Structure formats: structure tokens, C-alpha cells
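These protein sequence lines map, in sequence, to chains V and A. Under the UniProt record's numbering, residue 290 is the last one in the first sequence; the count climbs by one each step, no gaps. Under the UniProt record's numbering, residue 290 is the last one in the second sequence; the count climbs by one each step, no gaps. From the three backbone atoms N, C-alpha and C, an ideal C-beta is built for every residue, glycine too. These figures come from a predicted structure and were not determined experimentally. Worksheet: one structure, shown below.
2 protein chains.
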Amino acid sequence: MAQRTYGEIPGYPVGSTFENREMLHDAGVHRPLQAGICGGQDGAESIVVSGGYPDDEDYGVEIVYTGHGGKDPNSKRQIAHQELTVGNAGLARSQFDGNPVRVVRGAGGEKAYSPATGLRYDGLYRVVDHWHTIGRDGFRIWRFRLVTIESPDEPAPPPTQDAAEVGPVGRIPTVIQRLVRSTAVANSVKRMHDYRCQVCGIQLETPAGFYAEAAHIRALGRPHLGPDVPSNVLCLCPNHHVLFDAGAIYIDVSGSVRDTETHEELSKLIVTARHTINPAQLEYHRDIHA
Amino acid sequence: MAQRTYGEIPGYPVGSTFENREMLHDAGVHRPLQAGICGGQDGAESIVVSGGYPDDEDYGVEIVYTGHGGKDPNSKRQIAHQELTVGNAGLARSQFDGNPVRVVRGAGGEKAYSPATGLRYDGLYRVVDHWHTIGRDGFRIWRFRLVTIESPDEPAPPPTQDAAEVGPVGRIPTVIQRLVRSTAVANSVKRMHDYRCQVCGIQLETPAGFYAEAAHIRALGRPHLGPDVPSNVLCLCPNHHVLFDAGAIYIDVSGSVRDTETHEELSKLIVTARHTINPAQLEYHRDIHA
Numbered sequence: 001m002a003q004r005t006y007g008e009i010p011g012y013p014v015g016s017t018f019e020n021r022e023m024l025h026d027a028g029v030h031r032p033l034q035a036g037i038c039g040g041q042d043g044a045e046s047i048v049v050s051g052g053y054p055d056d057e058d059y060g061v062e063i064v065y066t067g068h069g070g071k072d073p074n075s076k077r078q079i080a081h082q083e084l085t086v087g088n089a090g091l092a093r094s095q096f097d098g099n100p101v102r103v104v105r106g107a108g109g110e111k112a113y114s115p116a117t118g119l120r121y122d123g124l125y126r127v128v129d130h131w132h133t134i135g136r137d138g139f140r141i142w143r144f145r146l147v148t149i150e151s152p153d154e155p156a157p158p159p160t161q162d163a164a165e166v167g168p169v170g171r172i173p174t175v176i177q178r179l180v181r182s183t184a185v186a187n188s189v190k191r192m193h194d195y196r197c198q199v200c201g202i203q204l205e206t207p208a209g210f211y212a213e214a215a216h217i218r219a220l221g222r223p224h225l226g227p228d229v230p231s232n233v234l235c236l237c238p239n240h241h242v243l244f245d246a247g248a249i250y251i252d253v254s255g256s257v258r259d260t261e262t263h264e265e266l267s268k269l270i271v272t273a274r275h276t277i278n279p280a281q282l283e284y285h286r287d288i289h290a
Numbered sequence: 001m002a003q004r005t006y007g008e009i010p011g012y013p014v015g016s017t018f019e020n021r022e023m024l025h026d027a028g029v030h031r032p033l034q035a036g037i038c039g040g041q042d043g044a045e046s047i048v049v050s051g052g053y054p055d056d057e058d059y060g061v062e063i064v065y066t067g068h069g070g071k072d073p074n075s076k077r078q079i080a081h082q083e084l085t086v087g088n089a090g091l092a093r094s095q096f097d098g099n100p101v102r103v104v105r106g107a108g109g110e111k112a113y114s115p116a117t118g119l120r121y122d123g124l125y126r127v128v129d130h131w132h133t134i135g136r137d138g139f140r141i142w143r144f145r146l147v148t149i150e151s152p153d154e155p156a157p158p159p160t161q162d163a164a165e166v167g168p169v170g171r172i173p174t175v176i177q178r179l180v181r182s183t184a185v186a187n188s189v190k191r192m193h194d195y196r197c198q199v200c201g202i203q204l205e206t207p208a209g210f211y212a213e214a215a216h217i218r219a220l221g222r223p224h225l226g227p228d229v230p231s232n233v234l235c236l237c238p239n240h241h242v243l244f245d246a247g248a249i250y251i252d253v254s255g256s257v258r259d260t261e262t263h264e265e266l267s268k269l270i271v272t273a274r275h276t277i278n279p280a281q282l283e284y285h286r287d288i289h290a
């Protein structure tokens, strides 16, 4: 297992610039000379966002990043599926382990947020989601949503114009209103199911009452932009919330809960007449996980 | 069920002042004329922090708030145990449901953060923990830890001098370093147990590998100030993490996991020679939950 260094590298504050990948390597901010992800099974410590993957989306305070692998070194086009291995597995592991990822932007990236030349260390981000999709070249790519970790030392990149529309990602004025709206929808669904998990039926009971979580089927954030409505929410126990979000389980067209790897039926989704679920959202979830 | 209004009241931004409780009531910012908590079984929407309970601790960006009930109206002393009912149950429910709580400070509170006269709306806080303890007068009191929800509209109260020593509560320069240290301890414990829950033995498997959570036995934040070391951490599945933190289960001196209400043995804590657990921390957890 590689020795990982998570977090800031002393001596290289946010905004530090580097002429080239060698200097970035020597500083220890991003050690590989070519790979966009520094990571493996045990976690990922840094990424370079430089426009190498056409599917990358950079919104400053959040980044939808494409995993690596499957590219033809000459044409730079995707010629094979990407796997959840090496750096891709590392980014997913850093999500689960809560470790921060150093983000470096290069001159080839999104103009609004990238340096004009060379490379710039832009601070620590947290991986908040991962899934797969079919990329522009017709092959499966893994995607990772990263969100800046704000600290007074590290001013966030400027938010995009329409950031307020898509999710609680930056220091945007509407965050409280959205929070309130979102908890109302979430809690209405939990009450429709009396805090019972729709996958396993468990009702977690505590001295302060029942506990359940509201899981958005199609996530609210970029690039999914799922709606915050009851038909896009499931009432789940925390364990099944983790498994659903990580794509370990999915719901098929007949309402069976299935294991993503074996496709074995694990249970039937528990439904109630009061709560209508939009099948298109379940299909979206299957498309990116199953 | 009372009609609840969570979040900011339009027309009353952070810093709005009120001469007395009647004006606060009329504004809808905190509706009860006497009670410190506006809430019930279904949630709590606002509290007043005004020094009425000697056990209250106000650190600006975080508050350790005492529940209500059990006080003699004349002597103002605690003469009976508090129960997890009415507003106390409401604060716990707002924690579970993720609803924000309006915080109003009155002139009788902690000098550094309270208005000189009258009452002041100080913004939205989130309930992050609840537990019970024996208060200064010898009776059980319920306690709630609230942490400010920061937004650009709502500057946080100034942090206390030693805030940097106790937890990730404000916008303090060391937050990232602490984050990194904390994840290292947490992840070391998860690996010692191979991501297997020490209560139920489940190993949540996802396409990206195993998932587990690190639960601090004695919480890191105020007022517990538990240490961030492996002997104060359990490896739990998310469900048992919720139940342990909410005090629905506890670990007895023989290592049995028991239901807090019935004291029934649910399982034996799964241990490994590599991971030494400090029995004093388990005792602390029992004291405040069992």
C-alpha cells in the first residue's frame, strides 16, 4: 500500500502555482507525472483537473470529475470501459473514509476557474458521490462529484451564476431556504412510512422516537439535478441508504430490490398508497449504478 | 400537532432585537411567552438562551442547552427529573429530522454573546446531539448540543478563545488539520475490524468496497471533550451508529450490547486483540444514556 498524505502539503497554501507536472511532483502536491488521480485501493489524495476528459464538469466549488482508464494514448479517445480500480477505486474509498482530496487545476480546464498557464493548487475537496455513465465516446466512465471543503484559509472559487439553482454547494444566500424546503419533503416521506425502511422494514427506535433517512433516488446535485419531491425520495434505514447511494442495490421495474453484482432479489420494496414513486427516477438510478 | 414554522421568519433577519417576550411572540420568532423551547413531539422550532438554567453553556457558535421541566417555579431550582417529552422531545426530533432551530439570546445569558438588554434573534442552529446527565441540583436534566448553521446572511458569533482546542465548530484555521487527524484515527479502527460492525457483525459491501463508520464513544465536542484516539472509537454500521449515539443501546461492563429501555442483551460487542477499548469511555456513554 502506498504511503498516502491526505490534506494540505505544508508550504503550499491554496493558490500555489507550478509551471509543470514535475514541479507539482517535487512539491508532493500531486505526485504522478501523468495520471490525473493520485490514488489506489486505499484512497486517493489528489487529482488534476485540466480538461483531459471531455466529460469533466468544473463549477468551481464543485467538480464532476471523470475517472481514469480506457483511453487510447494516441487519439486520447475512450476505447474501453473504465473500471472501479486504481485511482477510481481510490476516489470512492476517500468518499467512504471522509478523506480530503487536493485539487489542482491546469491551464486546459474550464476557463472561468483554471489558471491561464501551468498548474495551481486550489485546495481540499471532499468526494460526495460516485457512479458510472456512458461517456461521449460510448464507453462506461466512472464519475465523481467533489465539493470544496471551505476554511478561512481557503476561499472557495467563485460560484457559477446559476449555482443557487442546483444545490447546497457554496456560500450562496439561498442555502437556508433550500435546507428548510428539503427537510420538509424528506420528513413527509419518512412520516408516510412511519420511519420504516422501504427495503428491509426495520424501524430504528430510540428513546427520542423513530429514526429513518430520506434518500433521493435521483440525486439533487449536479449533474443529476433530481427534483426535491416525494416521488423522488425513499424512506430508508441508514444502512440501506448507504447501499442504495453507493449502487450496491437497485430497484427493478417490478419493485424488487436486487444486488447490483449478482442481480439476486433481496426483498420487495415496501410501498404505501400514500407515497407514489416515479419509476423514471428508479430507472435513472439503475442506469448509473446497475 | 402544532403548526411548525422552521427556519427564518421573513422580516426578522439575524440580529433583530426585541424588548420583551411579547414582542418576540408577536413576531413569531419564538411563540411561547415563558417556555424556553417552542416545540413538541413533532419537533422544536426555536429556543431562548437567557441563563435560566445554570447548566447551560454558551460558546457562541455552539450551545450546550438544558431541556425544560422539573423546576420549582418559585425557587427556580430543579426539584424533579426532566423527561424527554414536550420541548425536550422536540429538540431531539429536530436533530433526527435535520430541521433548523431559531436561537434567541436574552440579556441574562453568557455576557460575551448576549444582548445587554432585551432579546436578540441570533440565527439558525442545528441540534447535533442529545443526552442526559445529573444537573447541579442533583436531578436528571436533558442536554442538547446546538451548532450554528452558517450562511453568508448570518455571520457566526465570534468563536471563543479556546475554540481551536475542542472541535470543528467554527471557521477556525486548524479545521483541516483536525479533519485529517480525525479521519486517520477513525479509519484505522475501521480497518482493525475489516469494516465489520462491532455490534451486529455486518460488513456492508458496495462495488467500491466495504463501508463502516467510526463512532466516538465519548463524543469529541463540548461538553464531553472525548479524545480522538482508537480506544475511544467503535467500528459500527450506520444503523448501530445511530442507535449508539442516540443512546438506544449501550455496552455493559461485561461487553454485552443492551437495549437502554429493557436492558435486554442484544449481542456481545465484537472485539479484536488489536483494538483496545477504554472501559472508562463506555462508562461515560452509559452515564449519559442508560
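- The beta carbon of T133/A does not come within 9 Å of any beta carbon belonging to chain V, so the residue lies off that interface.
- Contact between the segment 137 to 145 of chain A and the segment 63 to 73 of chain A is present, with at least three C-beta pairs closer than 8 Å.
- Per DSSP, the unbroken beta strand (DSSP E) holding D122/A starts and ends at L119 to I134.
- When C-alpha distances from P115/V are compared across R136/V, R218/V and F18/V, the shortest belongs to F18/V.
- Rounded to the nearest angstrom, the gap between the Cα atoms of V271/V and L33/V is 52 Å.
- Going by DSSP, S267/V is part of no alpha helix (DSSP H) but of the beta strand (DSSP E) stretching over E265 to K268.
- Secondary structure within the segment 33 to 81 of chain V: the beta strand (DSSP E) runs of 3 or more consecutive residues, fully enclosed, are 37 to 40, 43 to 49 and 62 to 66 (chain order).
- When the five nearest sequence neighbours on each side are left out, the beta carbons in the same chain lying within less than 6 Å of the beta carbon of A248/A are those of T260, in order along the chain.
- Residues Y250 and T260 of the same chain have their beta carbon placed closer than 6 Å to that of A290/V, with the five preceding and five following residues left out of the count.
- The CB of Y65/A never comes closer than 9 Å to any CB in chain V; the least such distance is about 15 Å.
- The secondary-structure analysis by DSSP pairs H216/A across a beta bridge with V233/A.
- In the structure shown, Y284/A adopts helical secondary structure according to DSSP, grouped into three states.
- By the neighbour-count criterion, in which 16 or more other beta carbons inside 10 Å mark a residue as buried, Q95/V falls on the buried side.
- Separation of A212/A and A212/V (C-alpha to C-alpha, rounded to the nearest whole angstrom) is 18 Å.
- If you draw a straight line from the Cα of Y121/A to the Cα of T148/A, it is about 13 Å long.
- For Y6/V, at least one C-beta of chain A is nearer than 9 Å to its own C-beta.
- Residue state for H240/V is assigned as helix, using DSSP reduced to three classes.
- Distance check between Q281/A and each of H224/A, G7/A and V257/A places H224/A closest, using alpha-carbon atoms only.
- For the segment 89 to 120 of chain V, the beta-carbon criterion of a distance under 7 Å to any beta-carbon of chain A is satisfied by A89, A92, R93, F96, D97, G98, N99 and P100.
- Close to chain V, meaning a Cβ-Cβ distance shorter than 8 Å, are the following residues of the segment 235 to 253 of chain A: C237, P238, N239, H241, V242, L243, A246, G247 and A248.
- Within the segment 201 to 215 of chain V, contact with chain A at the beta-carbon level (separation under 7 Å) is assigned to L204, E205, T206, P207, A208, G209 and Y211.
- Within the same chain, Q198, I251, G255 and V257 come within 6 Å of L269/A by CB-CB distance, once the 5 residues on both sides are set aside.
- The beta carbon of D287/A lies closer than 8 Å to those of T133 in the same chain, with the five residues before and after it left out.
- Contact between A208/V and A246/A holds: CB atoms are separated by about 6 Å, below the 8 Å threshold.
- Closest by C-alpha distance to G106/V, out of I47/V, G11/V, T206/V and R222/V, is I47/V.
- For the set R93/A, A80/A, Y195/A and V61/A, the Cα lying nearest the Cα of I37/A is the one of R93/A.
- Going by C-alpha positions, V128/A is about 14 Å away from L243/A.
- Below the 8 Å Cβ cutoff, chain A contributes P207 and A208 as neighbours of L84/V, in chain order.
- Interface residue (Cβ-Cβ distance to chain V less than 9 Å): K190/A is classified as such.
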